[in-house]
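Taking it in order: structure first as structure tokens, then the write-up.
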Amino acid sequence: MTAALRTAMSLDEFLAWEERQEPRYEFDGVRAVAMVGGTSAHARISANLITALNLRRRPGCAVFGSDMKLRLAGSIRYPDVMVVCSPVRNTATYVTDPVVVFEVLSERTSRTDRLVKSQEYGATASIQRYVIVEQGSIGATVFARPDWRGQPLTGADTVLALPEIGVELRLGDCYAGLEFDADAG
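Using my numbering, read the sequence shown as starting at 52 and increasing by one per residue.
Below, the structure is given as structure tokens:
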């Protein structure tokens, strides 16, 4: 969830300013956008993804949650989950070359995740797969190279293939511990 500040700044100005802030902010290329709290479902889905990916990922890859910044050309994002397959220093505060990125949708971030971040991640050569995970029902939209078109996935037994990191997950595993209304997924 986000709330934008109205002050325009450069990427370097943002990075210096953000270090002094208590809440976390993303940078959309022009202004700082406050990242506000999420739901229990959002936290569980993110945690389930991190756990599943850590158990299955290809050696040499690392899984990061939303505490690690992603520095893109002109913006800073905090993906819910990302996988990096290049060395990352212990002191690093951001990465630039993830291979797979996940965002868990919320009402307030849906437009940005589906439209803006899809374009930003698609313009980042290292990102081979972008997975937008639904929060209110079992489902995801997967963008993958080379065509970068959203492919919808639904159903708990549907397999989410992530060949770039040697992982296959049942979509339902992302939702472990969550209950939905019968008509929600």
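Note that CB positions come from ideal geometry on N, CA and C, so glycine has one too.
Please read these numbers as outputs of a predicted model, since none were measured by experiment.
Short check: CB of residue i to CB of residue j, under 8 Å?
i, j, result
"residue 82", "residue 216", "no"
"residue 192", "residue 202", "yes"
"residue 226", "residue 183", "no"
"residue 186", "residue 156", "yes"
"residue 123", "residue 218", "no"
"residue 67", "residue 76", "no"
Which same chain residues end up closer than 7 Å to residue i when comparing Cβ atoms and leaving out the 5 residues on each side of it in sequence?
i, result
"residue 148", "135, 137 and 177"
"residue 223", "189, 207 and 208"
"residue 65", "78, 83 and 127"
"residue 164", "154, 156 and 183"
Let me make sure I understand the geometry here. Which of the options has the alpha-carbon closest to that of residue i?
i, options, result
"residue 200", "103, 206 and 166", "166"
"residue 195", "174, 220, 188 and 90", "174"
"residue 121", "232, 197 and 62", "62"
"residue 93", "59, 139 and 131", "131"
"residue 119", "106, 101, 111 and 60", "101"
"residue 229", "172, 141 and 96", "96"
"residue 89", "160, 181 and 180", "160"
"residue 112", "59, 164, 139 and 221", "139"
"residue 198", "169, 204, 58 and 164", "169"
From which residue to which residue does the beta strand (DSSP E) around residue i run?
i, result
"residue 126", "126 to 128"
"residue 203", "202 to 205"
"residue 154", "149 to 155"
"residue 213", "210 to 213"
Looking at the unbroken alpha helix (DSSP H) that takes in residue i, where does it start and where does it end?
i, result
"residue 220", "Residue 220 -> not in any alpha helix (DSSP H); beta strand (DSSP E) instead, spanning 218 to 221."
Skipping 5 residues on each side, what residues in its chain have a beta carbon closer than 6 Å to that of residue i?
i, result
"residue 133", "115, 149 and 152"
"residue 145", "120 and 122"
"residue 172", "152, 178 and 181"
Considering only residues of the same chain and omitting the five flanking positions on each side of residue i, which have a CB-CB separation below 8 Å?
i, result
"residue 99", "224, 225, 226, 227 and 228"
"residue 231", "187, 188 and 189"
Comparing the CB of residue i with every heavy atom of the ligand COA, is any distance shorter than 7 Å?
i, result
"residue 79", "Here there are no bound small molecules, and the ligand COA is not part of this structure."
Complete alpha helix (DSSP H) runs within the stretch 157 to 193 (minimum length 4 residues, chain order): 168 to 173
Start-end ranges of the alpha helix (DSSP H) lying completely within the stretch 59 to 144, minimum 4 residues: 62 to 69 and 91 to 107
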